[in-house]
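Q:
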Amino acid sequence: AQKVTQAQTEISVVEKEDVTLDCVYETRDTTYYLFWYKQPPSGELVFLIRRNSFDEQNEISGRYSWNFQKSTSSFNFTITASQVVDSAVYFCALRQNFGNEKLTFGTGTRLTIIP
Amino acid sequence: DTEVTQTPKHLVMGMTNKKSLKCEQHMGHRAMYWYKQKAKKPPELMFVYSYEKLSINESVPSRFSPECPNSSLLNLHLHALQPEDSALYLCASSQELAGVAKNIQYFGAGTRLSVL
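Order-wise, the sequence lines are chains A and B. For the first sequence, position 100 (counting from the first letter as 1) is numbered 102 according to the working numbering, and the numbering increases by one without interruption. For the second sequence, position 17 (counting from the first letter as 1) is numbered 56 according to the working numbering, and the numbering increases by one without interruption.
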């Protein structure tokens with residue numbers, strides 16, 4: 003069975019601070035995909051990144067960066083110099099390679115950026 | 040363009056009503072999904088369509104009836120709902136169900152449903 007744990011239920015930081023959202027996953031598969039989605043108050047889930055299990059390169063996109071560590075089954079997300087527009091619920095999700103098209107979501111982390 | 044459009048944005052219905060939710064995408068995606076999301080919870084998968092055929096039904100009650108009339112359109116027909124069915128209903132699409140480059144799901148903004 004697959005499982006995604008986002009232990010941080012809510013985080014509040016002051017604008018311009020850096021913040022890291024944690025994601026720990028469990029799977030028996032050797033090939034899998036990890037995702038991060040952002041859900042602002044409007045409701046739409048916005049795709050941020052997908053990482054394949056065989057690609058452990060960290061990635062940076064502007065103020066966003068992701069740290070994938072297979073050894074600790076973690077896929078953490080860091081926002082640098084946070085902005086008010088970053089306030090949202092962030093979901094980490096896991097998907098098998100074949101046979102199951104389901105996304106297993108974590109419970110989400112509500113991030114509030116205080117101006 | 041990664042746009043999935045859902046209508047209506049808000050819907051209030053009584054328990055005896057029949058209503059439909061609509062989802063449309065013009066990205067040429069062949070897999071489409073319905074999710075239900077309760078407040079402060081992650082989305083839960085309801086149905087998956089692949090090439091207009093129902094691929095997955097996550098044991099959803101029959102008062103929810105999906106329909107995929109063509110590759111761009113996905114409907115969710117609602118009948119005799121219960122107040123506990125009140126939730127945000129999200130539609131998503133992906134190029135294909137599987138495949139390294141094709142399994143990213145893009146979501147719409149959802150329909151907020153209230154059942155009275």
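Virtual Cβ for every residue (Gly too), placed ideally from N, Cα, C. Values in this document were obtained by computation on a predicted structure and should not be read as measured data.
I'd like to know whether the C-beta atoms of Gly147 of chain B and Leu127 of chain B end up nearer to each other than 7 Å.
A: No, Cβ-Cβ distance for Gly147 of chain B and Leu127 of chain B is not below 7 Å.
Q: Here's a check: name, in chain order, each residue in its chain whose Cβ is nearer than 6 Å to the Cβ of Phe107 of chain A, leaving out the five neighbours to either side.
A: If we look at Phe107 of chain A and ignore the five residues flanking it on each side, its Cβ neighbours are Phe93 and Ala95.
Q: What separation, rounded to the nearest whole angstrom, lies between the Cα atoms of His65 of chain B and Leu112 of chain B?
A: Going by the C-alpha atoms only, they are around 9 Å apart.
Q: Would you mind reading off the limits of the beta strand (DSSP E) that contains Gln121 of chain B?
A: First-last for Gln121 of chain B: undefined, no H or E at that position.
Q: Report back the beta-carbon spacing between Lys58 of chain B and Leu155 of chain B to the nearest angstrom; my notes put them in contact at under 8 Å.
A: About 12 Å separates the two Cβ atoms, so there is no contact after all.
Q: Expressed to the nearest angstrom, what Euclidean distance is found between the alpha-carbon atoms of Val6 of chain A and Val91 of chain A?
A: C-alpha separation (whole angstroms): 15 Å.
Q: Mind listing the chain A neighbours of Tyr145 of chain B? Cutoff is C-beta to C-beta under 8 Å, in chain order.
A: By Cβ distance, chain A contributes Phe49.
Q: Which of the three DSSP states is assigned to Ser111 of chain B in this structure?
A: If DSSP states are grouped into helix, strand and coil, Ser111 of chain B belongs with coil.
Q: Is Pro105 of chain B close to chain A? Criterion is C-beta to C-beta, closer than 7 Å.
A: Not closer than 7 Å to any Cβ of chain A, the Cβ of Pro105 of chain B fails to qualify, so no.
Q: Three Cβ pairs or more, each shorter than 8 Å: is that satisfied between the segment 41–52 of chain B and the segment 17–31 of chain A?
A: The segment 41–52 of chain B, when compared against the segment 17–31 of chain A, does not touch it at the 8 Å Cβ threshold.
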